[in-house]
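Below you'll find the structure, written out as structure tokens, and then a few comments.
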Amino acid sequence: MAGKRAQIETLEVQSADPGLWNDPRQAQGVLQRLTRLKTEVEQWTSLEARLDGLAELLELAAAEDEQSLRGDLAVEITGAKHDLDRRELALLLSGHYDDGDTFISIQAGMGGTDAQDWAEMLLRMYTRWAESRGYTVNLVDQSDGDEAGIKSATLEVRGPYAYGYARAEAGVHRLIRLSPFNAAHTRQTSFARIEVMPEVDDAPEVVITHDDLRIDVFRSGGKGGQGVNTTDSAVRLTHLPTGLVVTCQNERSQIQNRETALRVLRGRLLERELQRQVEARSRLRGEYRDAAFGSQMRTYYLHPSTMVKDHRTDHETSNVQAVLDGQIDNFIEAYLRWNVSEGSA
Numbered sequence: 000m001a002g003k004r005a006q007i008e009t010l011e012v013q014s015a016d017p018g019l020w021n022d023p024r025q026a027q028g029v030l031q032r033l034t035r036l037k038t039e040v041e042q043w044t045s046l047e048a049r050l051d052g053l054a055e056l057l058e059l060a061a062a063e064d065e066q067s068l069r070g071d072l073a074v075e076i077t078g079a080k081h082d083l084d085r086r087e088l089a090l091l092l093s094g095h096y097d098d099g100d101t102f103i104s105i106q107a108g109m110g111g112t113d114a115q116d117w118a119e120m121l122l123r124m125y126t127r128w129a130e131s132r133g134y135t136v137n138l139v140d141q142s143d144g145d146e147a148g149i150k151s152a153t154l155e156v157r158g159p160y161a162y163g164y165a166r167a168e169a170g171v172h173r174l175i176r177l178s179p180f181n182a183a184h185t186r187q188t189s190f191a192r193i194e195v196m197p198e199v200d201d202a203p204e205v206v207i208t209h210d211d212l213r214i215d216v217f218r219s220g221g222k223g224g225q226g227v228n229t230t231d232s233a234v235r236l237t238h239l240p241t242g243l244v245v246t247c248q249n250e251r252s253q254i255q256n257r258e259t260a261l262r263v264l265r266g267r268l269l270e271r272e273l274q275r276q277v278e279a280r281s282r283l284r285g286e287y288r289d290a291a292f293g294s295q296m297r298t299y300y301l302h303p304s305t306m307v308k309d310h311r312t313d314h315e316t317s318n319v320q321a322v323l324d325g326q327i328d329n330f331i332e333a334y335l336r337w338n339v340s341e342g343s344a
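Residue numbers are given in numbering that gives the first Met the number 0: position 123 of the sequence shown equals residue 122, and the series is strictly consecutive.
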């Protein structure tokens, strides 16, 4: 806690410097980091005070054998346990970028129109999840499906520990249901891949030079508004060394779209490097397995039974509709605890 208080003091000095606002984006990052650290310290201080009060109440009840205090004790114990569980979960978010913002990318996989519809269902699920946590959600880019749904989409999610929580969702998601898109209404299996990337202004692991990029501009399409759709404001960045392609068309300004696309690309390159480090450690431990596209991490069953099952943690629920409405925190928490037990956090 002393270390976090020292960080707060350093950030407060930075925030008081008038020159900080010469770079508004950096200034915003400093203030967000300061707010998050203050909130975290306040939560630990509040828990400490609550536990001290509970200890005093227990001593009073024991000394006076007060039956009337039992109800108060039960309420305080339940509340303290809940707060302690929340703080324990926060300790699992110890990665270097866990406390920051994130990009969530959704890509339809095998399954044709059903897969594109499935990708749109996941877009809705993650939007509702983020909003339920009080996060700010912006649609960076969306490519509509041929008949229904979407081919791909990227969300920008801003809020405390957005990346730390969302990274639990990275991987292949499989849907099994009766298809609404064929006359026979047969059983269909569809896939979508979720990528989760930290949003960072700079990172020592990632260096992007001007010569690394090919920049194309084009007319925005989709639901972008009249001003967006009639100007060449959309930007496509191609990272030549890796072949990664990022597009952004949600802003009216070409400059804004380019800046956002660069942030997405930086996050994607950083996530690739972080994953490479995890795989290298796994190889050293003899645990590495190739992440093939078909190796789904979670399956959503809508037929013949209804269930959502995470194949990493074995956490499951029969309330599929609640999950599709964004209630995925139990899956995320199960993953964070499993990740620590696996030694791969």
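All residues carry an ideal CB built from backbone N, CA and C; glycine is no exception.
Given the structure is predicted, the values throughout are model-derived calculations rather than measurements.
Buried versus exposed, by CB contacts within 10 Å (16 or more), residue i
i, result
"PRO23", "exposed"
"PRO179", "exposed"
"ALA169", "buried"
"GLU34", "The sequence given here has Thr at residue 34, not Glu. When all chains shown are included, THR34 counts as exposed."
"VAL263", "buried"
"VAL234", "buried"
"GLN276", "exposed"
"GLN115", "buried"
"ASN256", "buried"
"TRP20", "exposed"
"GLN320", "exposed"
"VAL322", "buried"
"ILE149", "buried"
"VAL339", "exposed"
"ILE331", "buried"
"GLU155", "buried"
"GLU8", "exposed"
Simplified DSSP assignment, three categories, for residue i
i, result
"TYR236", "In the sequence as presented, Tyr is not what sits at residue 236; that position holds Leu. LEU236: strand per DSSP, three-state reduction."
"HIS209", "helix"
"ILE254", "helix"
"SER142", "strand"
"PHE180", "coil"
"ARG157", "strand"
"LYS222", "Caution is warranted here: a pLDDT of 49 is assigned to LYS222, below 50, making its placement in the model unreliable, and the coordinate value is therefore given only provisionally. The answer is coil: DSSP assigns LYS222 none of H, G, I, E or B."
"ALA202", "strand"
"ARG4", "helix"
"GLU188", "First, the amino acid is wrong: residue 188 is Thr here, not Glu. Note: THR188 maps to strand in three-state DSSP."
"ARG265", "helix"
"VAL12", "helix"
"ARG271", "helix"
"THR316", "strand"
"THR246", "strand"
"THR259", "helix"
First and last residue of the uninterrupted alpha helix (DSSP H) at residue i
i, result
"ARG127", "111-131"
"ALA352", "There is simply no residue 352 to check, as the chain begins at 0 and stops at 344 in what is shown."
"VAL339", "328-340"
"VAL319", "319-323"
"ARG166", "Element bounds for ARG166: n/a, residue is neither H nor E."
CB contact check: residue i to chain C, cutoff 8 angstroms
i, result
"VAL29", "The chain inventory of the structure shown lacks chain C, comprising one protein chain alone."
Residue interval of the beta strand (DSSP E) (run including residue i)
i, result
"PHE102", "101-107"
"LEU92", "Looking at the DSSP string, LEU92 is not in any beta strand (DSSP E), and its letter there is neither H nor E."
"TYR300", "297-300"
"ASP309", "306-309"
Can you confirm whether the region 104-116 touches the region 191-206 when touching is taken to mean that 3 or more C-beta pairs between the two stretches lie within less than 8 angstroms? yes
Three-pair Cβ contact test at 8 angstroms for the region 195-210 versus the region 83-100: yes
Start-end ranges of the beta strand (DSSP E) lying completely within the region 16-88, minimum 3 residues: none
Is it the case that the region 120-134 contacts the region 158-172, given that we only count it when at least three CB pairs across the two stretches are under 8 angstroms? yes
Cβ contact (3+ pairs, closer than 8 angstroms) linking the region 148-166 and the region 128-138: yes
Using a Cβ distance threshold of 8 angstroms, determine whether the region 132-150 contacts the region 235-253, with at least three qualifying pairs required. yes
May I ask you to verify whether the region 77-88 touches the region 37-54, counting CB pairs closer than 8 angstroms and requiring at least 3? yes
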